[in-house]
Structures are given as structure tokens and as C-alpha cells.
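There are 2 protein chains.
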Amino acid sequence: MSIDAQRSGDDRLITEADVDEIALGAAVLGTGGGGDPHVGALIAKRLIRLHGPVRVIGVDELSPADFVVPIGGIGAPSVDVERIMAESELLAALEAIERATRRIPTAVMPIEVGGGNSMIPIAAAALSGLPIVDADAMGRAFPEAQMVTFHLAGYGPGTTVLVDHHGNEVVSRPVDGAWSERLARSVTVEMGGSATMIDYAYGGEVVQECAIPGTLTAAKRIGRILLGHGESAELRDDARIDALCDELDAVRLFDGKVTDLQRQFEGGFTRGAAELEGVGDDRGARFRLDFQNEMLLARRDGVLAAVTPDLIAVLDLATGAPITTESLRYGARVAVIGMPCHEKWRTPVGLDNAGPAHFGYDVEWAPVESLAARRKEAA
Amino acid sequence: MSIDAQRSGDDRLITEADVDEIALGAAVLGTGGGGDPHVGALIAKRLIRLHGPVRVIGVDELSPADFVVPIGGIGAPSVDVERIMAESELLAALEAIERATRRIPTAVMPIEVGGGNSMIPIAAAALSGLPIVDADAMGRAFPEAQMVTFHLAGYGPGTTVLVDHHGNEVVSRPVDGAWSERLARSVTVEMGGSATMIDYAYGGEVVQECAIPGTLTAAKRIGRILLGHGESAELRDDARIDALCDELDAVRLFDGKVTDLQRQFEGGFTRGAAELEGVGDDRGARFRLDFQNEMLLARRDGVLAAVTPDLIAVLDLATGAPITTESLRYGARVAVIGMPCHEKWRTPVGLDNAGPAHFGYDVEWAPVESLAARRKEAA
Chain A
-5 MSIDAQRSGD DRLITEADVD EIALGAAVLG TGGGGDPHVG ALIAKRLIRL
45 HGPVRVIGVD ELSPADFVVP IGGIGAPSVD VERIMAESEL LAALEAIERA
95 TRRIPTAVMP IEVGGGNSMI PIAAAALSGL PIVDADAMGR AFPEAQMVTF
145 HLAGYGPGTT VLVDHHGNEV VSRPVDGAWS ERLARSVTVE MGGSATMIDY
195 AYGGEVVQEC AIPGTLTAAK RIGRILLGHG ESAELRDDAR IDALCDELDA
245 VRLFDGKVTD LQRQFEGGFT RGAAELEGVG DDRGARFRLD FQNEMLLARR
295 DGVLAAVTPD LIAVLDLATG APITTESLRY GARVAVIGMP CHEKWRTPVG
345 LDNAGPAHFG YDVEWAPVES LAARRKEAA
Chain B
-5 MSIDAQRSGD DRLITEADVD EIALGAAVLG TGGGGDPHVG ALIAKRLIRL
45 HGPVRVIGVD ELSPADFVVP IGGIGAPSVD VERIMAESEL LAALEAIERA
95 TRRIPTAVMP IEVGGGNSMI PIAAAALSGL PIVDADAMGR AFPEAQMVTF
145 HLAGYGPGTT VLVDHHGNEV VSRPVDGAWS ERLARSVTVE MGGSATMIDY
195 AYGGEVVQEC AIPGTLTAAK RIGRILLGHG ESAELRDDAR IDALCDELDA
245 VRLFDGKVTD LQRQFEGGFT RGAAELEGVG DDRGARFRLD FQNEMLLARR
295 DGVLAAVTPD LIAVLDLATG APITTESLRY GARVAVIGMP CHEKWRTPVG
345 LDNAGPAHFG YDVEWAPVES LAARRKEAA
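Chains A and B are the protein sequences, given in the same order. Counting in this note's numbering, the first sequence runs from -5 upward without gaps. Counting in this note's numbering, the second sequence runs from -5 upward without gaps.
Have a look at this one:
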């Protein structure tokens, strides 16, 4: 699958036009959290305009001589939206990891493809001239720094860099992923709630073992369908959500209208729940979504429909545009879709780290596709 | 003045016996804060027993080729007392500063001579085999990381290291001393309230420009007098406090009994005030001490007697033993002495950073010796 096969004839480049598609797809994979990619997309496009397109490499092209640097933002998305990331932060972070590890980065990578953190590595790649690896360590968005496939495979965060727009630089060597999260979170709060972070920087062989390949390409495919670009141009607006489900092996869980919404900002997280009333084929049914930054739990008439680490995305019913947990509104008409997460999250260690129990939900995990099949049988 | 001229015949070594003298003097210079040196003294003595005495060098012996590493503890003293510092932390901190700066430390130094932070560099010197510089950057104890003479001279904290007993290591390059304090404080809280810190590590020429020379020797002289060692062996217990005042150009401000005590632990600081009723020659007079970790403000019958950055120490009236703000008790009979701070603190920039206004006291600073002369005239 190519990043830009249709347009540029070169599937190895991210151009300005590609950024909008990737950003929209990343918002879907953000499952309501991960921060709005909008500001990051503006920065990435400006830097591509100034410095030229970003070169994309596949995980299979990496060698042990490569040093791959995942770079992204940490902090409350509501702060990030207000703060235009200083470009100097990106270069400062890359310089800091090079100085602290004495290894020269050969590529950057998104740590999480979902949400705004898809854009920061594109901006960093444009600025530094480094290629970007078509992969990430979540295949979605998650709220905590240790919720990454490196951690599942037993790799620690390694040398961790935080830089802020004041010019402060903090390099940690935490003993494990949980300590990395604790230290980074407290430093970020002190830095004003938002910072640029590098962690899990590893040689090419570790990235090959751990990363989820092809996720930038997947984001781009999603964006193309929802924007009606390329082969999707034929699709009517309301057919795009079904086309998306086909493309992603996703399940269209519910069409409905938001009738109740509780949402609080607590402990750095946006927590809450939304109640939906069915429309169209789902008229008469009720649906409930629980979220903590990301959409984590979906129940139809009290019966489990999808649960983390599987992906639950809320899309505008008319336009297909993804809706974040922060922008969800009373009365909104939405489609909820459920997508299988990457198989690395479906292992016992994956479910321990990002399954329902980790987030305090007392439900047993089951694959979204099995839950859909079960419902079909019952109907 | 020698560190150990009387005993070892070698004024360039700190032996086990010297540690107790320095620790007691450091507690006086701690002016009620800075943490109890007791646990640190035990560790320093054990390491000297294992690895031999610590070599002392003077500030005048440093050259630009030297790389002097101030090392100490950061955190609430009440946590530090409970936690026996892991020796591995000291070596980890020295290794971290070497790796981050690519300069090999040639000497350690106390960042503050007052309280427990006098002992940590002695322990680090014994463990590493490095000499210790007979100097510090406060000449007393202060509660914030940027309250150092390097800061007064316009030097930033440089590369800053924090390590904890879990094995976590955090290396910062904060933009200034205030950011260093903020970042270090929040990381320390996350680390459990206490950590080993290196900051203001500089070449020998900067230490010569900025440090307050001879403060380890001063601590030792104070300790020797209060312990009745050497030439002080002749002194009766109750004459030692006067001998100390002679030695330090200090003023015996008040002898009294604690009749009221307010003390809270807030925001990581021990804050409060003590009221005293005069005894002996001071019978009939009243005295008030205000403290924030350290004793900061002393008033006799409502008239200013001494104020930060000058030193205010509270000693047991019978034994001369220094009393911390945490161990001050109702009914205690004490002598309060006031000592001139180093001249670097008496400059406009020094008073800005550590004068009464910085701590929220609405009094005008005046030298403790002028206040004493004024009182004498009035009497």
C-alpha cells in the first residue's frame, strides 16, 4: 500500500496534500483522543512547503545500523490545541537525544498514529531532512506513555527527552515504562502542560520486532475515503462510512443521536460518558459510550459492543468527519464504528496493559468482530 | 585555618573524627533548616572507614582544568531523615554528570554547607576518591535551588542531575535557576520526596569567582568549640556559646524559653513562628522567631534583631547544641545567635534573591551587627 501512489507517482513521499489525508485518518484512529491533528497539520504542511516532501521508509527497510527516534507531544490535548508548537522544540529534541545517546538519528517515527502525534514526526522529518518510518507503537491513540508495543515486548523507554518552548531540556533514564510515564507527566505539568517528547528510541532491529507497520499508510487510506479522494470520489457522502468499514474490517456499531453527555476534566484526563438514541435502522435502540481521553467502551442496550484495546470511533453521520471526546455535543447525529486493534494488543500482556480492567471497567474483553457476530446470531 | 591541623598533623584530610565536628558546625550554619546532618554523618564516616580519609583542597588551588561538581540532597528534610541515602545514588549521579557533560569531575563540593548537605559531598568524595573543595555556594542553608552565589554572579544551573534510589536518572538543561528549581522540585516529589542532585557544576575558574571559600573549615571550627575539642576543652559548657560568637563575629541576640509555637508543613516547607520569654539577663523581654525551613526573622520586643540573609541560629542554652525548626519544642530553653552572612548576599542582587521581601516579610534588611549596635545605643 502506498502513501501517495495515485498522486505523485512516488509512493515514498509525503507531500503537503498528503498531510490533510493522513491527519483526517489519524483523527479516526485517535478514537476520540490523541489530540486534534489540525494545528500539527498546519505546521507539517508549512515545513514541507519550506523544506520539501518527507521521505517514507518501510519497517522492512530498516537495519540494525538505523537509530529510529519516535517523537511526539505529551500533555493535555486541550492545552496542546492552544499552543502552537515551536519548531525549535523539534530540533532541540533531536539534538538532545543525539547528545544523550551519542547515536545519530537516521529516521523519526510516530509513537502513536492516532491524533496529533501523527503530525509531529512529519513536521520533525521535514525540518530535519530525516525520513519517517511508516509505523507506530500503538496503531491508535492511548493516554499513557508506556502503552506502546515496545513495552509489550519487554523494552524499556530508554533515554527519554522532554523539551519545552521555554528552552528547557530534560533527559531521563527511567528504570521502566511506568516510571517514565510518572516522571514525564510531572515534568510536563511543570513545563506548562505540554512538551515535545522522545522515548523508545531504538535500533532498526528493535523497531522491526516491535512496531506496528503500515499505520501511516492506513491513516492515509482512511483520510482518502472520508475526503472522497481518488477511487472514493464516486462515493456519496453517506456511503463513505460503509466504505471505510469495508477497508478497515470495521463494524458499523450504531447510528444515533447524542441525548445525554457527562464530561469532566480530571487528573489530566477528559473522562465521561455519552448516551445515544438510535436513528435509521437503529431506531428504538440505545447506545452508551464511555471515554477517558479515548472512546474505550461501547454498549448497545446494555450489551457490550466494543471495548479497548479495540478501536471505537465516532463519526459525523452526514460527513464522516471524526468527532473527539472533547468536541462531542448534545444532539449530534453520529455513526459509531468499531475496529479490530493490532494483534499485539490482543495478547495477554497487551490486554493487561490496555484492556478494560486497566481502565477500571468491569467487563470481559472480546474481539469487536466476535461481539458483532454474536449480535447477528441473536437477532 | 585548617580542617584537621590539631589532630592528624595534616590539614588537608577529613577523617572520621572530623566528620562529627563538621556535622555539628553545619547544623549551626543550617540555621534551623538544611536537614539534620546526623544520618549523613553516619554514612560519611562509614565510607571514610572503608575508603580512607577525604582530601580537602582550597578554592585557590583550583585551575580552569578542574571540573567541580556540587552534590547534595533535594527534598523535604522530614523525608530525608527517614530515608537512608543509597550509596549507589552518589556514584550514579557522578557518572550521569560525566556522561551528560563529557567532563570528568576532578572534585566535589557542598552546594550548601548548612545542614545535611555538608555530609553528602564528603560521602561522595570518600566513595569516589575525589577531593572536596573547602567552599560552598550559600555559606549557610537556603530552601531553594537557585539561592546560590553562582546565580548571584549570573551563572545558570548548567547541566543538572537528579537520581533516586529506584535507579531513575533525570538530566536537565533548564534555561535558568528558577526553572531548575521548578523542574527539580516536581521530579523530586515524583521520585518520592527526596533525591540526590548535582547542579552548578563548573570549571575551577568559575568556582573561584563564585564560591564562598573556607566554609567547611568554618563548620569544623564551630563544631570544635561546641564539642569542647582542642583549645575549647577548657571552656565551661555555658561559655561555649560566647566563644562561638567571638569566633564567628556573631551576636548573642536572646536567651529565653519557648512559650508559644506555631508550625505547619505546607508546600514542602516547614513554616511557622516561635515566641520566647527572656531568661537571665533577658528576663522581662520577649522575642519572636519566624521560620520557613530556616530561621529567617528575629524580633526582640517587636524590634528587628536579625533577618535573612544573615544567619539566625537557635542553640540549646545548656549544651550549645543547635536546634532545628522541626525539633523546636515548647518550654525549650535556648540561646538565639545572629551571624553576618557572606558579603555576596549583602549586595542588591543578593538581597533580591534571599532578603526579607523574597520570603514575604515586610521589613527592611539591615546587617545584624548594625541592629545590635543600634540596640546598644538605645539601651
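Where a beta carbon is used, it is the ideal one built from N, C-alpha and C, also for glycine.
For B/Asp14, no beta strand (DSSP E) encloses it; the enclosing alpha helix (DSSP H) starts and ends at 10 to 23.
Residue environment for A/Ser57: exposed (fewer than 16 other C-beta atoms within 10 angstroms of its C-beta).
Nearest to A/Thr313 by alpha-carbon distance, out of A/Ala147, A/Glu138, A/Asp232, is A/Asp232. Approximately 14 angstroms separates the beta-carbon atoms of B/Ser174 and B/Pro137; this is outside 8 angstroms, ruling out the contact. Shown here for B/Tyr324: same chain residues with a beta carbon closer than 8 angstroms to its own, the five before and five after excluded, namely Val252, Thr253, Asp254, Leu255 in chain order. Only Arg167, Pro168, Val169, Trp173, Arg176, Leu177, Ser180, Val181 from the segment 167 to 181 of chain B bring a Cβ to less than 7 angstroms from some Cβ of chain A. A/Ala315 and A/Leu309 have their C-alpha atoms some 5 angstroms from each other.
Contact annotation: A/Gly19 and A/Gly67 have beta-carbon atoms that are not nearer than 8 angstroms.
Cβ-Cβ distances below 7 angstroms link A/Pro168 to Pro151, Thr154, Ser174, Leu177 in the same chain, with the five nearest sequence neighbours on each side left out; the list follows chain order. Residues of chain A whose Cβ lies closer than 7 angstroms to the Cβ of B/Val164 are, in chain order, Val164, Ser166, Leu177. Note that the C-beta distance between A/Ala205 and A/Met113 is not below 8 angstroms.
Spanning the alpha carbons of A/Ile8 and A/Ser82 requires a straight line of approximately 22 angstroms. Contact between A/Ile235 and A/Ile331 is confirmed by a C-beta separation of about 7 angstroms, below the 8 angstroms threshold. The C-beta separation of A/Leu23 from A/Ala135 comes to about 7 angstroms, placing the pair in contact by the 8 angstroms criterion. A/Glu371 sits exposed, since fewer than 16 C-beta atoms from the chains shown fall within 10 Å of its C-beta.
Contact between the segment 272 to 280 of chain A and the segment 352 to 364 of chain A is absent, with fewer than three C-beta pairs closer than 8 angstroms. For the segment 183 to 209 of chain B, the residues whose beta carbon sits under 9 angstroms from a beta carbon of chain A are, in order, Val183, Glu184, Met185. About 11 angstroms separates the beta carbons of A/Leu124 and A/Leu84, which is beyond the 8 angstroms limit, so they are not a contact pair. Taking A/Arg368 as the centre and dropping the five residues before and after it, the same chain places no C-beta closer than 7 angstroms to its C-beta. Taking a cut-off of 8 angstroms on C-beta distances, the segment 275 to 295 of chain A touches the segment 242 to 252 of chain A, as three or more cross pairs fall below it. The beta carbon of A/Ile192 sits closer than 6 angstroms to the beta carbons of Val63, Ile65, Ala87, Ile91, Val155 from its chain, once the five residues preceding and following it are set aside; these are given in chain order.
CA-CA distance, B/Cys335 to B/Ala300, rounds to 11 angstroms. In terms of Cβ geometry, A/Ile105 and A/Val142 form a close pair [threshold 8 angstroms].
Proximity of chain B to A/Gly161 at the Cβ level (cut-off 8 angstroms) is accounted for by Val169, in chain order.
Going by C-alpha positions, B/Gly171 is about 20 angstroms away from B/Val102. B/Asp243 and B/Thr302 have their alpha carbons spaced roughly 16 angstroms apart.
Going by beta carbons, A/Glu15 and A/Lys39 fall outside the 8 angstroms limit. Measuring C-alpha to C-alpha distances from B/Leu305 to each of B/Asn287, B/Leu311, B/Tyr149 identifies B/Asn287 as the nearest. Per the DSSP secondary-structure output, A/Gln258 pairs in a beta bridge with A/Arg265. According to the DSSP assignment, A/Thr190 belongs to no alpha helix (DSSP H) but to the beta strand (DSSP E) extending over 188 to 192. Residue burial annotation: A/Asp295 is exposed, with fewer than 16 other C-beta atoms found within 10 angstroms of its C-beta.
For B/Leu229, the three-state secondary structure derived from DSSP is coil.
As computed with DSSP, B/Asp356 is found in no beta bridge at all. In the DSSP assignment, B/Ser166 falls outside any alpha helix (DSSP H) and within the unbroken beta strand (DSSP E) covering 163 to 167. Rounded to whole angstroms, the separation of the alpha carbons of A/Phe285 and A/Val328 is 16 angstroms. Judged by DSSP secondary structure, B/Leu322 falls outside any alpha helix (DSSP H); it is assigned neither H nor E.
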